[in-house]
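Chemist: Counting from 1371, one number per residue, gives the positions in the sequence shown under the working numbering. Note that the Cβ used here is the ideal one computed from N, Cα and C, for glycine as well. The model shown is predicted, which means the values in this text are computed figures rather than measured ones.
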Amino acid sequence: MAEKILIVEDNSQNMRVIQMALRRLGYTFLEASDGEAGMAAAIQEKPDLIIMDVQLPKMDGLEITRRLREMPEFSQVPIIAITAYAMKGDMERALAVGCDAYLTKPINTRELPKVIVELLANRQNNPRQQRE
Ligand code: MN
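Given below as structure tokens:
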């Protein structure tokens, strides 16, 4: 079965760019366009990986990540933070709340698929991280 990737992104153009960058990889995409919807979709759909915009209406991406990481079922789900306003300390903050990777906009459409493939492969190769 295709791996499910949840994309939490309030900018519809970025949402399209992300999906275009990944279209050859055969994933199933789930979309959420604000923080609360993203949180709800994560819990309901249990995606294999989450692409998380940091600047979101209602709840920002780092807060969602922090909350998800408190749940055992989300302790190992790869989360990639994406931000448009990269400032000093942003990457450290993203990693501190539990993001596995941190990318800046504009989205690098060659780098994104590589990062995702690598994160999913690492998860599958590590028995401690396997989920039911
Ligand atoms: Mn945004």
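With a 10 Å radius around its C-beta and 16 neighbouring C-beta atoms as the bar for buried, classify M1409 as buried or exposed.
Modeler: Buried, since its Cβ has 16 or more Cβ neighbours within 10 Å.
Chemist: Quick one: is V1424 buried, meaning 16 or more other Cβ sit within 10 Å of its Cβ, or exposed?
Modeler: The residue in question, V1424, is buried, as its Cβ has 16 or more Cβ neighbours within 10 Å.
Chemist: Compute the beta-carbon to beta-carbon distance between P1483 and L1395, rounded to the nearest angstrom, for a pair I have assumed lies under 8 angstroms.
Modeler: Confirmed, about 6 angstroms.
Chemist: Can you give, in chain order, each stretch of the alpha helix (DSSP H) that sits fully within the stretch 1427-1489 and has at least 4 residues?
Modeler: DSSP runs (the alpha helix (DSSP H)) wholly in the stretch 1427-1489: 1431-1439 and 1460-1466.
Chemist: Whole alpha helix (DSSP H) runs in the stretch 1389-1434 with 4 or more residues, listed along the chain?
Modeler: Listed in chain order, the complete alpha helix (DSSP H) runs (minimum 4 residues) inside the stretch 1389-1434 are 1405-1415.
Chemist: Is it the case that the CB of Q1389 approaches a heavy atom of ligand 1 more closely than 7 angstroms?
Modeler: No, ligand 1 has no heavy atom inside 7 angstroms of this Cβ.
Chemist: Any idea which residues DSSP pairs V1378 with across the strands?
Modeler: Answer is A1402 and M1422, bridged to V1378.
Chemist: So, do the stretch 1461-1470 and the stretch 1371-1387 have three or more beta carbon pairs nearer to each other than 8 angstroms?
Modeler: Output reads no: the stretch 1371-1387 does not touch the stretch 1461-1470.
Chemist: What's the call for I1420, buried or exposed, on a 16-neighbour Cβ count within 10 Å?
Modeler: So I1420 ends up on the buried side.
Chemist: Examine the Cβ distances between the stretch 1441-1454 and the stretch 1397-1411 and report whether three or more of them are shorter than 8 angstroms.
Modeler: No, they do not touch.
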